[in-house]
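These notes concern the structure reproduced below.
As C-alpha cells, then:
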C-alpha cells in the first residue's frame with residue numbers, strides 16, 4: 008500500500024494570536040481528517056517567546072501513526088472498562104473494614120484507637136503513594152505505575168489472609184494503601200482527561216458498588232472463625248485486576264494508551280518543565296482549597312462508614328448483623344452518584360454541593376438525636392446518597408477552574424489529600440471514643456460536615472477561571 012500524505016489545516020493559538028498552519032502527516036494508513044482522534048502538537052522554542060510562523064517546518068516534532076477513529080474508540084472503551092473494574096476492587100476493599108473492626112478488637116485485644124491503626128497504616132500508605140506519584144509517577148509511566156499498584160495490592164492482601172500477628176497486619180495494610188494510591192490517582196487523572204462529568208460519576212459510582220457489596224460479605228465472615236478469609240475474596244479480585252491492567256495497558260505511558268500525538272523530548276528539559284509545572288500547581292489557591300475539602304470529605308465518609316457499626320451496636324444495642332449498616336451507607340453513595348447526575352446538571356456543581364452538604368448535616372442531626380435503629384439506618388443511607396456525588400463533582404469542577412496542562416498534577420495533589428482525611432479523622436475519633444465513648448461520633452461528624460460547607464464556600468466560582476501566563480515550551 009502506498010503511503011499517502013494527509014494534509015489539513017489546524018489552528019494554533021500562541022501568545023493570544025491565532026495562526027492557521029498547514030500540517031502534513033505521512034502515514035502508512037490512508038486517512039481522512041475525520042479519522043484524527045486526538046493530536047497534541049508541540050514545538051520546540053529555544054527562546055520561549057517567539058511566535059509560530061506559517062509554513063515553517065518543525066523537524067523536532069515526531070508523530071505516531073494515525074489510527075482511524077473506528078479502530079481507536081473500542082480500545083478506549085476497553086481501557087475505561089478496565090479502569091472501572093480497578094476502582095470497583097478499591098471500593099470492595101475499602102468497604103470491608105467497618106464490619107471487621109469489632110472482630111479485630113476481639114481477636115487482637117485492642118481498643119478503638121489501636122484497632123483503627125489497621126486503617127491508619129493503610130491510608131498512610133495511600134498518602135505515601137500520592138507523594139511518590141508527584142515525584143516519579145509521570146516518569147514511571149501510566150501503565151507501569153498502574154500495574155505496580157495492583158501488584159502491591161496483591162502482596163498486601165496475601166499477608167492478611169492468614170490473620171497474621173498485628174504488626175504484620177499493619178505492614179499488609181500499608182502495602183495495600185500504597186497500591187491503592189497508585190491506581191486511584193491514575194484512574195482519576197485518566198478519566199478526568201475526557202472532560203465528561205458522566206464518565207467521572209460512573210467511575211465513582213462503580214467504587215460505590217464495590218463498597219456496597221463488600222460489607223455484605225464481610226459481615227458473614229465476621230461471624231465465623233475464619234474471618235480473615237474475607238481478604239481471600241479481595242485477593243482473588245486483585246489478581247484479576249492485575250491481569251486486566253497488564254493485558255490492556257501493557258506497561259505503556261498514558262500518551263500511548265489514548266493515542267496522544269506528541270514529540271520526543273529531551274529528558275533534562277522535560278524534567279525542568281515538570282518542576283515549573285509543580286510550582287504552578289502549588290501556587291494555585293483553588294488547588295489547596297479543593298485538597299482540604301477532599302481531606303474532610305473522605306475523612307467524614309470513612310469515619311461514618313467505619314465507626315457506624317460500632318456506634319449502633321454500643322449506643323443503640325444492635326446485634327452483630329448491624330454490620331449491614333455499612334452497606335446502607337455505601338449503597339446510598341453508589342445510588343446517589345448515578346441517580347443525582349441529572350440534579351447536578353440542573354443545579355450546577357456549586358449549588359448542588361451546598362444543597363447536599365446541608366442535607367447531610369440535617370440527617371446527621373437525626374442520627375444524633377433520634378435513638379431508633381430503623382430511623383438511624385435510613386438516615387445513614389440518605390447521608391451516603393447526598394454525599395456520594397460530591398467527590399466526582401469536585402474532580403470535574405477542578406477541570407473547569409484549573410488549566411488543562413496542570414490538571415494531572417493538580418488532581419494528584421487533590422486526590423492525595425483524601426487518604427490524609429481517611430487516616431486522620433477516623434483515628435482522631437477512635438482516640439476520642441477510647442476516652443469518652445463512641446457516643447462522641449455524632450458531634451464529631453456534625454463539626455466536620457459544617458467545616459466541609461465552609462470550605463466549599465471558599466472555592467472560587469467556575470466563572471472566575473484561573474488565569475496564568477506561560478511561554479510556549
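In our numbering, the protein residues as written are 8 to 480. Think of the CB as a built atom: it goes at the ideal place given N, C-alpha and C, for glycine as much as any other residue. Note that the structure is predicted; figures quoted are calculated from it, not measured.
Any idea what DSSP makes of residue i, helix, strand or coil?
i, result
"residue 332", "helix"
"residue 118", "coil"
"residue 364", "helix"
"residue 396", "coil"
"residue 325", "coil"
"residue 469", "coil"
"residue 89", "helix"
"residue 233", "coil"
"residue 482", "No answer is possible for residue 482: the residues shown for the chain start at 8 and end at 480."
"residue 422", "helix"
"residue 168", "coil"
"residue 56", "Legend: pLDDT at residue 56 = 38, less than 50; position of this residue unreliable, value from coordinates given subsequently. Residue state, collapsed to three classes: coil."
"residue 410", "coil"
"residue 378", "coil"
"residue 150", "helix"
Once the 5 residues before and after residue i are set aside, which same chain residues still bring their CB inside 6 Å of it?
i, result
"residue 339", "388, 391 and 392"
"residue 468", "none"
"residue 460", "364"
"residue 491", "Residue 491 is absent from the structure shown; the chain starts at 8 and stops at 480."
"residue 453", "371"
"residue 424", "298, 301 and 302"
"residue 347", "396"
Taking the alpha helix (DSSP H) that residue i falls in, what are its first and last residues?
i, result
"residue 180", "173–199"
"residue 237", "237–256"
"residue 449", "448–465"
"residue 294", "292–322"
"residue 354", "348–354"
Within a Cβ cutoff of 7 Å, which residues of the same chain sit near residue i, ignoring the five residues on either side of it in sequence?
i, result
"residue 191", "97 and 422"
"residue 370", "386, 389 and 390"
"residue 252", "89, 93, 153, 154 and 157"
"residue 464", "none"
Alpha carbons only, please: which of the options is nearest the one belonging to residue i?
i, options, result
"residue 321", "443, 299 and 182", "443"
"residue 295", "401, 411 and 453", "401"
"residue 447", "355, 463, 311 and 406", "311"
"residue 223", "100, 464, 449 and 398", "100"
"residue 164", "231, 157 and 179", "179"
"residue 328", "176, 412 and 380", "380"
"residue 306", "356, 200, 436 and 173", "436"
"residue 246", "412, 160 and 184", "160"
Do residue j and residue i count as a contact pair if the criterion is CB distance below 8 Å?
i, j, result
"residue 105", "residue 313", "yes"
"residue 249", "residue 334", "no"
"residue 213", "residue 95", "yes"
"residue 162", "residue 182", "yes"
"residue 433", "residue 309", "yes"
"residue 226", "residue 84", "no"
Near residue i, which residues of its chain fall below 8 Å by C-beta distance, leaving aside the five closest residues on each side in sequence?
i, result
"residue 445", "119, 314, 317, 318, 321 and 322"
"residue 216", "95, 98 and 341"
"residue 81", "none"
Would residue i pass as an interface residue toward chain C - the criterion being a Cβ-Cβ separation below 8 Å?
i, result
"residue 86", "The structure shown has no chain C; it contains just one protein chain."
Kindly examine the ligand HEM and report whether one of its heavy atoms sits closer than 7 Å to the Cβ of residue i.
i, result
"residue 188", "Looking at this structure, you won't find the ligand HEM or any other ligand, since it has none at all."
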